[in-house]
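Below: one structure, written as structure tokens.
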Amino acid sequence: MRLDRPDTQGRFAQFGGQFAPETLMPALEELEAEFTKAWADPSFHAELDSLLRDFVGRPTPVYRAARLSAQYGIELYLKREDLAHTGAHKINNTMGQALLTKRMGKSRVIAETGAGQHGVATATACALLGQECVVYMGEKDIERQALNVHRMRMLGTEVRPVTSGAGTLKDAVSAAMRDWVATVDGTHYIIGSVVGPHPFPWMVRELQKVIGEELQTQMDGSAPEHPKPDVIVACVGGGSNAMGIFYPYVGSDIDLVGIEAAGYGLDSGQHGASLVAGSPGVIHGSMTYLLQDDQGQILEAHSISAGLDYPGVGPEHAYFKDAALVRYESVTDEEALEAVHLLASTEGIIPALESAHGLAWITKEARSLRGKVVVLNLSGRGDKDVEQIVEHS
17 MRLDRPDTQG RFAQFGGQFA PETLMPALEE LEAEFTKAWA DPSFHAELDS LLRDFVGRPT
77 PVYRAARLSA QYGIELYLKR EDLAHTGAHK INNTMGQALL TKRMGKSRVI AETGAGQHGV
137 ATATACALLG QECVVYMGEK DIERQALNVH RMRMLGTEVR PVTSGAGTLK DAVSAAMRDW
197 VATVDGTHYI IGSVVGPHPF PWMVRELQKV IGEELQTQMD GSAPEHPKPD VIVACVGGGS
257 NAMGIFYPYV GSDIDLVGIE AAGYGLDSGQ HGASLVAGSP GVIHGSMTYL LQDDQGQILE
317 AHSISAGLDY PGVGPEHAYF KDAALVRYES VTDEEALEAV HLLASTEGII PALESAHGLA
377 WITKEARSLR GKVVVLNLSG RGDKDVEQIV EHS
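Just so we're aligned: the sequence shown equals residues 17 to 409 in my numbering.
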């Protein structure tokens, strides 16, 4: 069963909640109250919808991948989030949260980023609205996502390197959380995915579900060129792009498949497949599936994709897994790299490494998908990953 809202404890069944310091509880309560009020306010929606249309470029198109469709014997469609302003779905969330920041009377924004797309989207929204912006980014991710670091700085954002831990997304989230604890009175933390303590997973889902709602209109079965999907596929790191396209379809007869990062292989122990190979625990303020050892210590995740290099996942995805509402699979770094080259050479589209994980699974499962209408959420473009792709190809 799809839940419109988590329960009064901020949970989706056993998952979610607010495992946060006492100093943050008033801010979380304020945030829930302010977002609830804004989400019921037609003027807030009017301003957000105007920005999504005129600034972000929504609705994003759906494109039939003709050559791959013929090659696989399926009808493959791409939901082109890579064509949204800044090059990924992340801007849907940051525009909404930046408007909420203004509504709350706060002038400073902090964020975390892995692949850099959420950082760029946050920096863009803050530049537009005249807000101070600080983005925390792991040292390792700064090296492999240099282009996005330059973009954030051009937009007037301070990028703060995080050297603790493995220097990746998990560590950036931890650093941003510490900043928020110390500066909560004048700062809003724009979390980039459906993770963290309540109300963030619910709030980010509400801001990202525009993807699936558009798709319902674009592929409604009203004409041969607009067939209803049989299968919808999306990559899953924290899980916001997948949540955005899945949520309006949850509980329908459409097969929803989330693809995690198998990294060097599930048996290697170096992967980011929290749902496929993890277990329930607490990370960054919520109960969810995560990668942990027998003592409950969080393990380092690995993926060639910086955006999937996270040892946890959004709690609503954990609920979907246990309720068998969404199926979760995984593909390796090598398979994702092959999918990048495949889409580039057959359709003229260079996808983000994150999105390529979804195409890699479709490629593996093409025989079983034959004759079906398959939609891949192309969550981002691959400009940011070119150096990584060249290095590992």
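For glycine and all other residues, C-beta sits at the position ideal for the given N, C-alpha and C.
This structure is a prediction, so every number in the text was calculated from the model and none was measured.
The beta carbons of residue 157 and residue 397 sit no closer together than 8 Å. Of the candidates 73, 32, 234 and 84, 84 places its Cα closest to the Cα of residue 363.
For residue 264, the closest of 231, 110 and 309 by C-alpha to C-alpha distance is 231.
If you check the CB distance, residue 319 and residue 308 do not come in under 8 Å. Between the alpha carbons of residue 93 and residue 393 lies a distance of about 9 Å. At a cut-off of 3 residues, the continuous stretches assigned as beta strand (DSSP E) that sit fully inside the region 209 to 290 are 247 to 251 and 271 to 279. The alpha-carbon separation between residue 278 and residue 286 amounts to approximately 8 Å. Note: residue 393 is bridge-paired with 95 in the DSSP secondary-structure output.
Here residue 147 is actually not in contact with residue 103; their C-beta atoms are around 21 Å apart, not less than 8 Å. Under DSSP, residue 27 shares a beta bridge with 32. Beta-bridge analysis with DSSP links residue 168 to no other residue. Note that the region 180 to 188 does not touch the region 213 to 225; fewer than 3 beta-carbon pairs, one per stretch, sit closer than 8 Å. In this structure, DSSP gives residue 342 a state outside helix and strand, which the three-state scheme calls coil. Look at the region 98 to 151 and you find these whole runs of alpha helix (DSSP H), each 4 residues long or longer: 106 to 120 and 133 to 145. Judged by their CB atoms, residue 374 and residue 254 are not nearer to each other than the 8 Å cut-off. Here residue 379 carries a helix assignment [DSSP, helix/strand/coil]. By a beta-carbon distance limit of 8 Å, residue 400 contacts residue 164. Their separation comes to about 5 Å. Rounded to whole angstroms, the separation of the alpha carbons of residue 79 and residue 167 is 28 Å. For residue 303, the enclosing beta strand (DSSP E) has its first and last residue at 302 to 306. Residue pairing from DSSP places residue 176 in a beta bridge opposite 152. In the DSSP assignment, residue 204 falls within the beta strand (DSSP E) that extends over 203 to 205. Residue pairing for residue 365: DSSP places it in no beta bridge. The alpha carbon of residue 33 has as its nearest neighbour, out of 40, 25 and 125, the alpha carbon of 25. The alpha carbon of residue 288 has as its nearest neighbour, out of 343, 349 and 190, the alpha carbon of 349. DSSP, read as helix, strand or coil, puts residue 42 in helix. Scanning 144, 121, 155 and 145 for the CA closest to the CA of residue 131 turns up 155. In the same chain as residue 266, and ignoring 5 residues on each side of it, the C-beta atoms closer than 6 Å to its own belong to 18 and 341, in chain order. Assigned with DSSP and collapsed to three states, residue 52 falls in helix. In terms of Cβ geometry, residue 328 and residue 366 do not form a close pair [threshold 8 Å]. Beta bridge pairing from DSSP links residue 190 with no other residue. With contacts defined as CB atoms closer than 8 Å, residue 111 and residue 204 fail to qualify as a contacting pair. Excluding sequence positions up to five before and after residue 169, its CB lies within less than 7 Å of the CB of 175, all in the same chain and listed in chain order. Residue 179 counts as exposed, since fewer than 16 other beta carbons sit within 10 angstroms of its beta carbon. With a cutoff of 8 Å on beta-carbon distance, residue 149 and residue 137 are scored as not near each other.
Straight-line measurement puts the Cα of residue 240 at about 45 Å from the Cα of residue 153.
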